[in-house]
Amino acid sequence: MAAELGGLAWPARVQIWDAALAAVRGYFRDQGLREVSTPVRVPAVAVEPFIDPIAAPPGLLATSPELAMKRLLVRGSGPIFQIAHVFRRAEIGERHSEEFHLVEWYRLGADLDPLLADVEALVARVFAATGSNGHVPKTWQRARFLEVVTATCGAALRGDEDPGQLLAALPPALADEVARAADMSAGAEPRARTLLAWTAFFTAWSDMFFETWLKGHDGTHLVDFPAPLAALAITDPGRPWLARRAECHVGGLEIANGYVELRDAEEQRRRFAAVNELRRVHGAPALPIDEDFLAELPGLPPCAGIALGLDRLITLAACRTRLSDVSLALAGG
Amino acid sequence: MDVSELRKNAKVQLDGHPYVVVEFLFVKPGKGQGLYKCKLKNMITGAVLDRTWRSGEKFDPANVESRKMQYLFKDQNGYTFMDNESYEQVALAEEIVSDDSAFLLDQISVDVLFYNDRPVGVTLPSHIVMTITECEPGVKGDTATNATKSASVETGHKIQVPLFIREGDKVKIDTRTGAYVERINT
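Top to bottom, those sequences are chains A and B. Residue numbering for the first sequence follows my numbering, starting at 64 and increasing by one per position. Residue numbering for the second sequence follows my numbering, starting at 57 and increasing by one per position.
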């Protein structure tokens with residue numbers, strides 16, 4: 064981990080953002096992707112368990128450009144990328160900010176592989192362009208989610224366990240967390256209960272085991288997520304208990320999250336409904352369903368998409384640990 | 057209050073005690089639930105504990121308030137202080153003032169902490185100037201060694217001072233450690 068160096072001076076901040084933004088654009092132009100810019104204020108956002116939008120009447124500030132970019136893909140945009148301003152309420156910390164930049168891109172007919180290769184190339188390119196002294200992983204490794212779970216906490220899981228089965232398979236520290244979640248969701252639909260149990264497990268396992276594991280595994284793509292944590296990804300056709308979703312980790316930070324994109328509108332609607340039920344159990348308001356998006360989803364060409372946190376990548380390139388050390392946001396802004 | 061209101065220096069009521077957040081970390085694994093990891097200090101006993109809240113949970117803010125007050129006198133009711141703004145007088149029991157009584161100069165201004173409108177603690181200025189009322193004679197020129205001697209200040213409290221200090225000297229004292237800092241030239 065980088066030492067406590069404090070914030071960059073203003074000219075250095077401007078310089079590093081300029082170099083990083085140019086590097087991102089240069090990379091995608093070389094790759095033949097078109098740049099788009101979708102609205103920041105939107106009628107609805109992807110319904111996620113723990114991502115809360117900021118209201119901007121009559122709409123919401125985008126938490127990600129995902130739904131808008133997919134609707135452009137439906138309209139024949141071809142492969143596209145965007146450097147988007149996104150907003151997530153009450154995410155404030157050294158590695159979080161309520162407003163940040165997502166680099167999001169989609170490739171057609173693609174699997175996750177080319178996107179993960181993009182992430183590796185993009186990290187190297189941004190580090191080179193910013194003259195970073197930071198450590199870039201020479202080789203990245205793939206790690207299967209459930210194999211890392213077994214290696215870290217001993218639990219052997221397939222990915223489609225119901226709350227009871229999940230509970231029985233976990234060591235006590237993690238089982239306590241899942242049991243608490245299962246108690247909260249006693250009256251909910253089975254699908255929402257399974258989502259809640261797996262989400263509670265993921266949060267607790269990441270906090271207690273995975274963060275420590277990552278320290279010895281810099282440059283990791285976590286792949287083959289359990290199906291209940293598929294979010295907007297397809298499940299694996301040959302192994303429906305797993306999802307075609309990946310998370311990319313470097314320097315102890317999660318910097319990207321990608322999917323082979325789900326194109327089944329009815330399945331997507333069921334997932335959004337389960338998430339809204341989970342939100343209700345947690346006392347969070349249900350989020351509006353983007354009916355226009357669901358109506359157009361069957362027209363989405365086969366594609367894969369991924370989003371990368373640009374503020375985090377620049378923080379790493381600057382050998383800093385806090386987003387505020389490199390941010391161009393002015394105090395009080 | 058919603059846990060998203062938690063910050064460093066927030067005052068939290070927990071198990072019937074007031075705590076202040078001394079360290080604060082927000083973490084959120086992937087698309088998981090946000091965790092608010094806090095190190096909390098009991099505002100009365102100073103005891104420290106770790107506590108993690110999850111996003112969506114609630115916490116009770118502690119009803120604590122710090123008031124600037126002036127020390128007036130000590131009698132059988134304890135130590136009496138006066139609010140600098142309202143002139144209200146409050147007597148604090150000896151066990152609340154405890155070791156800080158050593159530095160209670162007449163009319164010294166302190167912060168008195170109130171919890172549920174009850175005084176529960178005193179915070180002195182970090183450094184104060186006191187006068188040496190009694191010590192062995194000063195040894196002239198001996199400023200280079202670390203040797204010390206015992207000396208009394210006007211509250212009757214005894215501190216360790218360098219050998220060159222004389223009766224009547226004014227010295228700066230760190231109230232948090234009780235240690236001599238320097239002689240004040242007058």
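Beta carbons: idealized from backbone N, C-alpha and C, even for Gly.
Would you mind sorting residue i into buried or exposed? The rule is 16 or more other CB atoms within 10 Å of its CB.
i: A/H164; result: buried
i: A/K133; result: buried
i: B/Q216; result: exposed
i: A/Q145; result: buried
i: A/N339; result: buried
i: A/T384; result: buried
i: A/D115; result: buried
i: A/I377; result: buried
i: B/Y143; result: exposed
i: A/P74; result: exposed
i: A/A66; result: Because A/A66 sits at a pLDDT of 45, beneath the cut-off of 50, its placement in the model cannot be relied upon, and the following sentence gives the value as read from the coordinates. Flag for A/A66 reads exposed.
i: B/E151; result: exposed
i: A/A306; result: buried
i: B/M57; result: exposed
i: B/E141; result: exposed
i: A/A245; result: buried
i: B/I159; result: Checking the displayed sequence, the identity of residue 159 of chain B turns out to be Phe instead of Ile. Buried, since its Cβ has 16 or more Cβ neighbours within 10 Å.
i: B/F129; result: exposed
i: A/S269; result: buried
i: A/G396; result: Note that A/G396 scores a pLDDT of 43, beneath 50, so its modelled location is shaky and nothing firm can be said.
i: B/L105; result: exposed
i: B/D230; result: exposed
i: B/L148; result: buried
Would residue i pass as a contact of residue j if the rule is Cβ separation under 8 Å?
i: B/V68; j: B/P117; result: yes
i: A/A309; j: A/V286; result: yes
i: B/F115; j: B/Y127; result: no
i: A/L407; j: A/W261; result: Lying outside 64 to 396, the shown extent of chain A, residue 407 of chain A is not represented and no answer is given.
i: B/R123; j: B/V168; result: yes
i: B/E223; j: B/I188; result: yes
i: A/V105; j: A/A147; result: no
i: A/T126; j: A/V108; result: yes
i: B/V83; j: B/K93; result: yes
i: A/L360; j: A/R326; result: yes
i: A/C216; j: A/F272; result: yes
i: A/C366; j: A/E324; result: yes
i: A/G321; j: A/I369; result: yes
i: A/L292; j: A/R332; result: no
i: A/I318; j: A/V110; result: no
i: A/E161; j: A/I155; result: yes
i: B/G194; j: B/I221; result: yes
i: A/P289; j: A/L220; result: yes
i: A/R254; j: A/A337; result: yes
i: A/G227; j: A/D281; result: no
i: A/V87; j: A/V186; result: no
Taking C-beta pairs closer than 7 Å, name the residues in chain D that residue i reaches, listed in chain order.
i: B/V209; result: The displayed structure is made up of protein chains A and B, and chain D is not among them.
Can you list the residues of chain B that residue i reaches, using a CB-CB cut of under 9 Å?
i: A/A294; result: K87
i: A/P112; result: K87, G88 and Q89
i: A/A219; result: Near A/A219 there are no residues of chain B at all, since even the closest Cβ is about 21 Å away, more than 9 Å.
i: A/A191; result: Here the premise fails: no neighbours, minimum Cβ distance about 28 Å.
Note down, in chain order, every chain A residue with its Cβ under 9 Å from the Cβ of residue i.
i: B/L81; result: G156 and E157
i: B/S268; result: Since the first and last residues shown for chain B are 57 and 242, residue 268 of chain B lies out of range.
Give me the chain B residues within the contact set of residue i, using Cβ-Cβ distance strictly less than 8 Å, ordered along the chain.
i: A/N339; result: Correct list: empty, because the minimum Cβ distance to chain B is about 14 Å.
i: A/E317; result: P85 and G86
i: A/E210; result: Near A/E210 there are no residues of chain B at all, since even the closest Cβ is about 17 Å away, more than 8 Å.
Taking 7 Å as the cut-off, is the beta-carbon of residue i closer than that to any non-hydrogen atom of the ligand NAP?
i: A/T257; result: This structure does not include the ligand NAP; it has no bound ligands of any sort.
Starting from the beta carbon of residue i, find every residue of chain B whose beta carbon is closer than 7 Å, and list them in chain order.
i: A/E161; result: Residues of chain B passing the Cβ test: none, with the nearest at roughly 10 Å.
i: A/E310; result: G86
i: A/A236; result: Under the 7 Å cutoff, chain B gives no residues; its nearest Cβ is about 13 Å from A/A236.
Handout entry: 3-residue-minimum beta strand (DSSP E) runs that sit fully inside the stretch 177-219 of chain B, ordered along the chain
Key = DSSP assignment within the stretch 177-219 of chain B yields the following whole beta strand (DSSP E) runs of 3 residues or more, N-terminal first: 183-191, 204-209 and 214-218.
Practice task
Using a Cβ-Cβ cut-off of less than 7 Å, give me the residues of the stretch 58-70 of chain B that come near chain A, in sequence order.
Solution key: From the stretch 58-70 of chain B, only S60 have a Cβ closer than 7 Å to chain A.
Practice task
For the stretch 241-272 of chain A, enumerate the residues whose C-beta is nearer than 7 Å to any C-beta of chain B, in chain order.
Solution key: Interface annotation for the stretch 241-272 of chain A against chain B: T262, F265, T266, S269 and D270, criterion Cβ-Cβ distance under 7 Å.
Exercise for the section: Pull out every residue of the stretch 344-366 of chain A whose Cβ sits closer than 8 Å to any Cβ of chain B, in chain order. Expected result: Across the stretch 344-366 of chain A, CB contacts with chain B closer than 8 Å involve H345, G346 and A347, in sequence order along the chain.
Problem - In chain order, each alpha helix (DSSP H) run of at least 4 residues that lies wholly inside the stretch 105-146 of chain B - result: If one requires a minimum length of 4 residues, no alpha helix (DSSP H) run lies completely within the stretch 105-146 of chain B.
Handout entry: Residues, ordered as in the chain, of the stretch 318-331 of chain A that lie near chain B by beta-carbon distance below 8 Å
Key = Residues passing the 8 Å Cβ filter: N320.
Practice task
Please list the residues of the stretch 93-126 of chain B that have a C-beta atom closer than 7 Å to any C-beta atom in chain A, keeping them in chain order.
Solution key: The residues in question are S111 and G112.
Handout entry: Within the stretch 331-392 of chain A, ranges of the alpha helix (DSSP H) (whole runs, at least 4 residues)
Key = Listed in chain order, they are 354-359 and 373-380.
Exercise for the section: Using a Cβ-Cβ cut-off of less than 8 Å, list which residues of the stretch 161-177 of chain A approach chain B; keep chain order. Expected result: Within the stretch 161-177 of chain A, no residue qualifies.
Exercise for the section: For the stretch 197-283 of chain A, list the alpha helix (DSSP H) runs that are entirely contained and at least 4 residues long, ordered along the chain. Expected result: Here the runs fully enclosed are 208-216, 226-232, 235-247, 253-268 and 274-278.
Handout entry: Start-end ranges of the alpha helix (DSSP H) lying completely within the stretch 62-108 of chain B, minimum 4 residues
Key = When DSSP assignments are scanned along the stretch 62-108 of chain B, no uninterrupted stretch of alpha helix (DSSP H) that is 4 or more residues long falls wholly within it.
Practice task
Would you list, in chain order, the members of the stretch 141-156 of chain A that have their beta-carbon closer than 7 Å to a beta-carbon of chain B?
Solution key: Residues are counted here when their Cβ sits less than 7 Å from a Cβ of chain B; for the stretch 141-156 of chain A these are A153, E154, I155 and G156, given in chain order.
Practice task
Let me know the alpha helix (DSSP H) ranges lying completely inside the stretch 136-207 of chain A, each 4 residues or longer, listed in chain order.
Solution key: Within the stretch 136-207 of chain A, the complete alpha helix (DSSP H) runs of at least 4 residues are 175-192.
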